[in-house]
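Report on one structure; see the data block that follows.
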Amino acid sequence: MAALDELYLWLSNLTTIEYIRNCLKRVRKRNSALILASQNLEDFDIQGVRELTRPLFAIPTHQFLFHGGKVDRKFYMDNLQMESAEYDLISSPNNGVCLFKSGADRNLLDVHAPPHKHALITGGEG
């Protein structure tokens with residue numbers, strides 16, 4: 001398993017994008033996983049990059065989709081292949097709430113860290 005956080009940092013290199021796409025297609029055959037994480041969908045909507053990054057959203061077998069912030073509803077739904085009812089579930093900022101997509105299954109999750117990890121993350125606040 002490998003993870004690429006802050007994915008926008010990798011998007012300035014077209015060869016890297018192609019490598020990530022090819023890796024996503026192959027890791028499932030090896031019983032492995034590649035985790036892609038980004039906070040802004042707009043990072044993928046860059047001229048010259050858009051066409052290469054769009055397939056990144058179609059390949060994953062599992063997706064955790066959180067509230068998209070001030071992103072355009074249609075843009076968010078089109079890029080993540082969501083139905084209107086699915087978008088409505090995460091259209092407002094609820095801390096820890098996400099839509100989990102796995103194949104044809106959809107689940108609304110409420111994700112929380114265990115108390116000992118919550119204290120580490122928040123510094124004991126809230």
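To convert, note that position 38 of the sequence shown is 38 in the UniProt record's numbering; the numbers rise steadily by one, no gaps.
Beta carbons are placed, not taken as given, at the ideal position from N, Cα and C, and that holds for glycine.
- At least 7 Å separates the beta-carbon of C23 from that of F64.
- Between the alpha carbons of T53 and Y76 lies a distance of about 14 Å.
- Counting other Cβ atoms within 10 Å of its Cβ, L11 reaches 16 or more and is therefore classed as buried.
- Comparing C-alpha distances from L34 to each of E83, D72 and A3 shows the shortest one belongs to A3.
- Relative to the Cα of E18, the nearest Cα in the group G48, M1, P93 and F66 belongs to G48.
- With respect to L9, L36 sits apart: the two C-beta atoms are not nearer than 7 Å.
- In the DSSP assignment, F75 falls within the alpha helix (DSSP H) that extends over R73 to N79.
- Unbroken beta strand (DSSP E) stretches of 3 residues or longer found wholly inside the region 43 to 116: 62 to 65, 97 to 102 and 105 to 110, given in chain order.
- Selection A113, L14, S91 and P60 evaluated against S102 yields P60 as nearest (Cα-Cα).
- In the DSSP assignment, the residues bridged to A3 are I35.
- In the structure shown, N22 adopts helical secondary structure according to DSSP, grouped into three states.
- Note on M1: under 16 other CB atoms within 10 angstroms of its CB, so exposed under the neighbour-count rule.
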